[in-house]
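S.K.: Quick note, the sequence shown lines up with residues 44 to 252 if you use this note's numbering.
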Amino acid sequence: MTDPDPQHAALDGEPAPAAPGDYRLLLPDGWFRILLEPEQRDSSVAALVDRQFEGVDNAPHLKAELRNDLLRRAAKAYRNGGIELYLSLQQAGPFTIPASLLVTLAPLKHAEPPLDALARSLAESGPVGQEVSIGELASGPAVRVRKQVEQPGDGSDAVVRLSTSVEYHMPVPQTAAFLLLTFSTPLEPLADAMAGLFDAVADSLCWTE
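#1: Going by DSSP, what residues sit across from F138 in a beta bridge?
#2: Can you check whether the CB of R94 is closer than 8 Å to the CB of A117?
#3: Pick out whichever of L68, P71 and A90 has its Cα sitting closest to the Cα of I77.
#4: Would you say L79 and A120 are within 8 Å of each other, going by their C-beta atoms?
#5: Relative to the C-alpha of V186, which candidate in V244, A234, P232 and H212 has its C-alpha closest?
#6: CB T225 to CB M237, shorter than 8 Å?
#7: For D48, count neighbouring C-beta atoms within 10 Å of its own C-beta (all shown protein chains included) and say buried if the count is 16 or more, exposed if not.
#8: So what does DSSP say about D72, is it helix, strand or coil?
#9: In its own chain, which residues sit with a C-beta less than 6 Å from the C-beta of P184, not counting the 5 before and 5 after it?
#10: Assign R94 to one of three DSSP states: helix, strand, or coil.
#11: Below 6 Å CB to CB, which residues in the same chain sit around V99 once its five sequence neighbours on both sides are set aside?
#12: Using the Cβ count rule (16 or more neighbours within 10 Å means buried), how would you classify P71?
#13: May I ask which residues mark the beginning and end of the beta strand (DSSP E) holding L180?
#14: Would you check if the distance between the CB atom of F96 and the CB atom of L130 is smaller than 8 Å?
#15: In the DSSP assignment, find the unbroken beta strand (DSSP E) run with G183 in it and report its ends.
#16: CB T139 to CB I126, shorter than 8 Å?
#17: Which residues share a DSSP beta bridge with G125?
#18: Using a Cβ-Cβ cutoff of less than 7 Å, which residues in the same chain neighbour D55 once the five nearest sequence positions on both sides are dropped?
#19: Considering only C-alpha positions, which residue in the set K190, W250 and L151 is nearest to A166?
#20: Strictly by DSSP, which residues pair up with M213?
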């Protein structure tokens, strides 16, 4: 995580605690981390592609297609402030459970807004049917948003495909910044179970020096 600038406000003559320099997350086995910094991105994507095609030597086109798609996703995430992208490679029998987690650092131009104001703003600007709440995680308070979002299609049919998105807006202590965790899965029949998994991962986050 990029080290946010600490605010050295004093309280009763004592300096405020220093801002965290990083964070830790616990994810289930089978999740793969892609580093989004340009100098690390290519090697992360290459490692994931090699893992997915381990033992397969006759699919160079599919391998190149996956690599290019991941590089596009990683570059877009980085442009939007992304730090890390995690992709689920968990297996359920012969099937992979598709899910992702994008971690984004969002510095604020002004003073940190109260969480209730942020929650109200997100509720007013989001799609119909979304759920917005404020909860207490192990790392501190956070705004949680669960909603359905339309998946990008290739234009080959008129079917609208939805995915479940769960976001956690987490104030970074002693800074005017938020850490945003954005989870997503297209498995609508398992949406509630996946949302429970996302809650557990978010609650595992802890700040480090």
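All residues carry an ideal CB built from backbone N, CA and C; glycine is no exception.
Being a predicted model, the structure only gives us computed values, none of them experimental.
M.R.: Judging by the given coordinates:
#1: Per DSSP, A135.
#2: no
#3: A90
#4: Taking 8 Å as the Cβ cut-off, L79 and A120 qualify as a contacting pair.
#5: H212
#6: no
#7: Confidence in D48 is poor, its pLDDT being 40 and thus under 50, which makes the residue's placement unreliable; the coordinate value appears in the next sentence. Label assigned to D48: exposed.
#8: coil
#9: L158
#10: Three-state result, R94: helix.
#11: Closer than 6 Å at the Cβ level, and outside the excluded window around V99, lies no residue.
#12: Burial call: exposed.
#13: Looking at the DSSP string, the run of the beta strand (DSSP E) that includes L180 is E174 to L180.
#14: no
#15: G183 to E193
#16: No; because the gap between Cβ atoms is not below 8 Å, this pair is not in contact.
#17: T147
#18: Any reading at D55 is ruled out, since the residue's pLDDT is 49, under 50, leaving its predicted position unreliable.
#19: K190
#20: L222
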